[in-house]
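Heads up: the sequence shown begins at 741 in my numbering, then just goes up one per residue.
Beta carbons: idealized from backbone N, C-alpha and C, even for Gly.
The structure appears right after this line, and notes come after that.
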Amino acid sequence: MKKRIVLSILCVLLLLGVGWVSFTFYHMKHVAKEQPPKNIPYLVILGAKVNGEKMSKAFFERAKVGLQYLNQNENTKVIVTGGQGPDEDITEAEAAKRYLIENGIAEKRIFLEEKSVNTYENIKFAKKLYSINEAVFVSNDFHLYRAIQLAKAQDIKAYPLAAETPKVVKPKLFAREFLAILKWVITGK
């Protein structure tokens, strides 16, 4: 009898887990398909790993999509975010800034947030530094759902702009993001 009860509880927990993952995955995919409006005052490129001074593949995809938006919306300013990790020679924000300048974006359109160490801080510090209340947020498709929710929680009218996630890191980053979303649900950060 006890064995049957334990088995029933485990089955219910498994079903709840599968349901939660399915629900979350649906929202991640849905948000990543949205297209932002034109001429929003700010574009925020969320930071990601830098190897030495070179952006990781996932971060490069974010910067590339951000560049496309900036080229199509000449009045939009960009905030590049991200501090410097122990194995990074420059801040994530500096790496993105260099890429944008190399690709024709005027330096006067680029603003830096270089203290953050996670998505919550990227958004919080960018808002505090530049008083943003409306922005397009650029990140990889797996990451946008949580980023947009974090921005909305800080009273920012937020629009997603998805960058492709490189196939080589997709399973790892999606799995990690499910854990980050669970942490966000529990802590709000």
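Nearest-angstrom beta carbon gap, residue j and residue i [assumed within contact, 8 Å]
i	j	result
LEU869	THR816	About 17 Å separates the two Cβ atoms, so there is no contact after all.
SER856	GLY823	5 Å
ALA833	GLU854	5 Å
ASN873	LYS897	6 Å
TYR899	VAL876	5 Å
PRO906	LYS797	4 Å
VAL761	PHE918	6 Å
ILE888	THR764	At roughly 13 Å, the Cβ-Cβ gap does not stay under 8 Å, so ILE888 and THR764 are not in contact.
Bridge-paired residues (DSSP) for residue i
i	result
GLY959	Residue coverage of the chain in this structure runs from 741 to 929, which leaves residue 959 outside it and unanswerable.
VAL876	LEU783 and TYR899
THR821	GLU853
LYS794	ASN791
TYR832	Strictly speaking, residue 832 in this sequence is Glu, with Tyr absent from that position. Its beta-bridge partners do not exist; DSSP assigns none.
Cβ-based neighbour list, residue i, same chain, cut-off 7 Å, excluding 5 preceding and 5 following
i	result
LYS837	VAL820, ILE850 and LEU852
PHE914	PHE882
PHE865	GLU853, LYS855 and SER856
HIS767	TYR885
GLU847	ILE841
GLY806	LEU783, ILE785, VAL818 and VAL878
Reduced DSSP secondary structure (H/G/I, E/B, other) of residue i
i	result
ILE850	strand
LYS816	Looking at the sequence provided, one finds Thr at residue 816 rather than Lys. Residue state, collapsed to three classes: coil.
ASN843	coil
MET768	helix
PHE931	Beyond the ends of the chain as shown, which are 741 and 929, falls residue 931; an answer cannot be given.
GLY759	helix
THR905	coil
ASN811	helix
ASN862	helix
Beta-carbon contacts of residue i that lie in its chain and below 6 Å, excluding the five residues immediately before and after
i	result
ALA772	ASP881, LEU884 and ALA902
GLY792	ASP829
Short Cβ contact (8 Å threshold) for residue i with residue j
i	j	result
ARG802	VAL878	yes
LEU810	ILE845	yes
GLN894	LYS912	no
Close Cβ partners of residue i (< 8 Å) along its chain, the five nearest in sequence each way excluded
i	result
LYS778	GLN812 and ASN813
LEU890	THR859, TYR860, ILE863, TRP924 and LYS929
PHE799	GLY787, ALA788, LYS789, VAL790, GLU832, ALA835 and ALA836
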